[in-house]
Ligand SMILES: [Zn+2]
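Numbering (the working numbering), first residue to last: 291 to 551.
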């Protein structure tokens, strides 16, 4: 008999870290130079706290129906969908306030990959981003394990995230994991959820869109709010990847660090 069943129905690990991811930028639209896959890792007992903080921002803007106000970076900045009736200043403030919740929290770790599509071609940029983020999340959990804080990880993606390719990858996650080197600390295959129902996936979208604005448009105004929260140890950045063409001049933290080694 499985010895765990003797004592408890709990699996033989104690807690779960959840990594919510979303994408930004189109693989097929030529004018998007980069695609981004990014999001936030929180401990399993924290999603409610983060969600209610986003609800509070929504309630101030739309008291009658805060749940209808979905936080997506492109909609907020473009004044689209439910954001249409909200003034530009208030929309930008809402975006900054939402990122500020992450920026001020000690309970969140960010991961992201910005992949220059032409530079990675003919490989699939989103698959490469997914591989990078999964491996970095796995190593983050491995560090916790070495510090006697054994935790498992679960990746949660927006249903619409690059529906075809990432869902296929997710289905074959274990096989793919082998191709990349074993992912030791992930509990199961990734889950797909509806972003309308999950404030945490909406945060992931806000993070991904802020990264995209930074790398596509050189606009760091949103990115700077969350920049200190990417996984890093002793000043070495692990949680953010920028894949550039060979010889490209980029002054982002990831590229500066790469040049220095
Ligand atoms: Zn860079």
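Virtual Cβ for every residue (Gly too), placed ideally from N, Cα, C.
What's the C-alpha gap between residue i and residue j?
i	j	result
residue 434	residue 427	11 Å
residue 317	residue 407	7 Å
residue 359	residue 392	19 Å
residue 424	residue 307	13 Å
residue 438	residue 432	10 Å
residue 368	residue 342	24 Å
residue 537	residue 415	19 Å
residue 353	residue 371	17 Å
residue 395	residue 520	12 Å
residue 522	residue 413	28 Å
residue 340	residue 487	14 Å
Taking 7 Å as the cut-off, decide whether the C-beta atoms of residue i and residue j are in contact.
i	j	result
residue 253	residue 311	Lying outside 291 to 551, the shown extent of the chain, residue 253 is not represented and no answer is given.
residue 373	residue 386	no
residue 281	residue 447	Only positions 291 to 551 of the chain appear in this structure, which leaves residue 281 out of reach.
residue 535	residue 404	no
residue 512	residue 388	no
residue 489	residue 344	yes
residue 314	residue 498	yes
residue 305	residue 334	yes
residue 457	residue 361	no
According to the neighbour-count rule (16 or more other Cβ atoms, all chains shown, within 10 Å of its Cβ), is residue i buried or exposed?
i	result
residue 422	buried
residue 474	exposed
residue 309	buried
residue 338	exposed
residue 379	exposed
residue 539	exposed
Measure from the alpha carbon of residue i to the alpha carbon of each residue in the options, then state which is nearest.
i	options	result
residue 321	336, 501, 507	507
residue 445	517, 480, 550, 484	480
- Message: Tell me which residues pass a beta-carbon proximity test against ligand 1: closer than 6 Å to any heavy atom, given in chain order.
- Response: 532, 534, 540, 542, 544, 545
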